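According to mature numbering (1 follows the signal peptide of the UniProt record, and there is no 0), the residues represented by the sequence shown are -23 to -1, 1 to 80, in order.
Idealized CB from N, CA, C, for every residue including glycine.
As the structure is a computational prediction, the values presented were derived from the model and not from experiment.
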Amino acid sequence: MKAKTLIVTTLVAALLGSGAALASDRMRYNEVLQLRESGQIMAMEEIMTRARQEQPGHLIEAELEREDGRYTYELKILDAEGRVHELEMDAATGRVLKRKIKD
């Protein structure tokens, strides 16, 4: 089980309005762009919108991960009370798979 991780900040996502994300050492920009263009993953912009509908607050971190051929976004959202909510979302459908709160 090999995982690839992509760290994406809100600033980067905002600058790349198309939803393409900046690549880390493990996952290259071109790979992410190809996944987006082929429809295998949703645009970061759409994922961010859905995440904020699920949990209002400020998006502070997002990761695109690949594990066993499945892509997921892991997002951290800071709420008004200062708690961090972690959402795991299916990168293809935008469906929330898991959620937890870190105090």
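Beta-carbon spacing of residue i, residue j below 8 Å
i, j, result
"residue 48", "residue 12", "yes"
"residue 62", "residue 32", "yes"
"residue 53", "residue 65", "no"
"residue 25", "residue 68", "no"
"residue 73", "residue 41", "no"
Secondary structure of residue i, DSSP reduced to three states
i, result
"residue 60", "coil"
"residue 28", "helix"
"residue 21", "helix"
"residue 43", "strand"
"residue 2", "Because the pLDDT of residue 2 is 42, which lies under 50, any placement of that residue in the model is unreliable, and the number read from its coordinates should be weighed accordingly. Correct three-state label for residue 2: coil."
Residue from the options whose Cα sits closest to the Cα of residue i
i, options, result
"residue 35", "7, 78, 8 and 59", "59"
"residue 96", "70, 55 and 56", "For the chain, the structure presents residues -23 to 80; residue 96 sits outside this window and is missing."
"residue 75", "5, 6 and 28", "28"
"residue 43", "77, 17 and 56", "17"
Endpoints, the beta strand (DSSP E) within which residue i is located
i, result
"residue 47", "47 to 55"
"residue 76", "73 to 79"
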